[in-house]
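First the structure, in the form of structure tokens, and then the observations on it.
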Amino acid sequence: MSIELLNGNTLVFKVSENGEIGDLNVEGEVVNFVADMLDVNTEVIHLIKNNLIKFGESIYKRKGSFVIVSKISFDDSLNIVPTMQEAFDFIEMEEIERQLEL
């Protein structure tokens, strides 16, 4: 699994083919998360779907964003986009919305 911190507040992590996420060890001002699930098949996605939903809910409670990059759309309650660029665009839009609410 690879982990990359972008812009100081966005963590991108790759979910392995067997659904392993590993330990994210988040420190500092990380509020946004992108899960790269392009290599994960439908069967594995359905096995970890409930954990992804819970993770996403915890991020939104902290006023953050959680976006999944996958070619497979598997749940309407999750933010799923087909490319990394769309994930970053989605986070940018949500950050603007949060700023306007202040």
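Residue 80 in my numbering is what sits at position 11 of the sequence shown, and the numbering runs on without skipping anything.
Glycine included, C-beta positions come from ideal geometry on N, C-alpha and C.
Being a predicted model, the structure only gives us computed values, none of them experimental.
By alpha-carbon distance to Lys-140, the top candidate from Ile-114, Gly-88, Leu-169 and Leu-80 is Ile-114. Distances from the CA of Asn-76 to each of Phe-157, Pro-151 and Met-162 were compared; the closest alpha carbon is that of Phe-157. Within the same chain, Cβ atoms closer than 8 Å to the Cβ of Ile-122 are found at Asp-144, Ser-146 and Leu-147, the five residues on either side in sequence being excluded. Less than 9 Å separates the beta-carbon of Phe-102 from that of Ile-128. Within 10 angstroms of the beta-carbon of Ser-134 lie 16 or more other beta-carbons, which makes it buried. Distance from the CA of Glu-98 to the CA of Arg-167, rounded to the nearest whole angstrom, comes to 16 Å.
Annotated three-state conformation of Ile-137 is strand, per DSSP.
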